[in-house]
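Trainee:
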Amino acid sequence: FTVKEYYRMAEIGVLKPNARVELLNGEIIDMSPIGPFHGGVVIRLNRLFNRELKDRCLVVVQSSLRLDPHSEPEPDIMLAKNTPDCYTTRHPEPEDVLLLIEVSDTSLDVDRKEKLPAYGHAGVPAVWIVNLNNGTIEIHREPHFSGYGATKVLIAGHKASPQAFPDVMVDVTELLMLKK
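When you read off a place in the sequence shown, starting at 1, and then add 265, the result is the number in the numbering used here.
See below:
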């Protein structure tokens, strides 16, 4: 399907208003419900980035990203370039994204095997996968045709910084409430 067809399906009721789905590579993908731990980590990231970044960029939470005519996933968090209209006339596109974050538990396989290659192919500069199952943050940089060229995994005791904002630190232990 195209993004246009995807929206049309929602307009005519083929996709229900409360359906948890995303369009990726022309396929409609069912998404798992968001559990409390997943939701809480998204809230923590949102609060931290809004506090630390103030108006240097927009913190976009669980909103659409137009990758191409056949893909419009909804990542958990995006740090996006500021626009005067705050993306009210269009969704962010890869060139607008400074950092994209997927918080993953039941969605880990889809995030790694399907979304990550799509983000790399589209040129999203940096993707973090917050792996709730292992208590890690996977940092993916250097996008290319089939994914990312550089990957680093951070564990408890480590801190992550967005490449665009090296002064902002995300403590893995604090974010995931891991015991020190």
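Cβ coordinates follow ideal geometry from the N, Cα and C atoms, glycine included.
As a quick exercise: from V368, L344, S369 and E367, pick the residue whose alpha carbon is nearest that of P357.
Mentor: The sequence position of residue 357 within the sequence shown is 92, counting from 1. When only C-alpha atoms are compared, the closest one is L344.
Trainee: Roughly how many angstroms separate the alpha carbons of R309 and V433, rounded to a whole number?
Mentor: In the sequence shown, residue 309 corresponds to position 44, counting from 1. In the sequence shown, residue 433 corresponds to position 168, counting from 1. Approximately 14 Å, taken between the alpha carbons.
Trainee: Indicate whether the contact test is met: 3 or more Cβ pairs, each with one atom in the segment 381-400 and one in the segment 316-323, closer than 8 Å.
Mentor: no
Trainee: Would you kindly report the start and end of the unbroken beta strand (DSSP E) that includes H386?
Mentor: Working through the sequence shown from its first residue, we reach residue 386 at position 121. Note, H386: premise wrong, no beta strand (DSSP E); alpha helix (DSSP H) at L381 to A387.
Trainee: DSSP three-state call for H335: helix, strand or coil?
Mentor: Looking up residue 335 in the sequence shown gives position 70. Annotated three-state conformation of H335 is coil, per DSSP.
Trainee: How far does the alpha helix (DSSP H) with T353 in it extend, from its first residue to its last?
Mentor: Residue 353 sits at position 88 when you count from the first residue of the sequence shown. Looking at the DSSP string, T353 is not in any alpha helix (DSSP H), and its letter there is neither H nor E.
Trainee: Please name the residue in R285, G422, S426 and G291 whose C-alpha comes closest to that of L365.
Mentor: Here the question's residue 365 lines up with position 100 in the sequence shown. For L365, the nearest C-alpha among the options comes from S426.
Trainee: Tell me the DSSP secondary structure of T416 in three-state form.
Mentor: Residue mapping note: residue 416 aligns to position 151 of the sequence shown, counting from 1. Strand at T416.
Trainee: Inspect the CB distances between the segment 390-408 and the segment 324-335 and report whether three or more fall short of 8 Å.
Mentor: no
Trainee: Going by other Cβ atoms of all chains shown within 10 Å of its Cβ, with 16 needed for buried, is D341 buried or exposed?
Mentor: Mapped onto the sequence shown, residue 341 falls at position 76. Buried, by the Cβ-count rule.
Trainee: Could you check if F314 is buried or exposed, using at least 16 other CB atoms within 10 Å of its CB as the buried criterion?
Mentor: As a working note, residue 314 is residue 49 in the sequence shown. It counts as buried.
Trainee: The alpha helix (DSSP H) with K315 in it runs from where to where?
Mentor: The count along the sequence shown starts at 1 and reaches residue 315 at position 50. The sequence shown places Asn at residue 315, not Lys. P301 to L318 is the span of the alpha helix (DSSP H), which, as asked, contains N315.
Trainee: At the 9 Å Cβ level, is R377 part of the contact set with chain B, yes or no?
Mentor: Judged by its chain identifiers, the structure shown contains no chain B, having just a single protein chain.
Trainee: Report the three-state DSSP secondary structure of E270 (helix, strand or coil).
Mentor: Translated into the one-based positions of the sequence shown, residue 270 becomes position 5. Helix.
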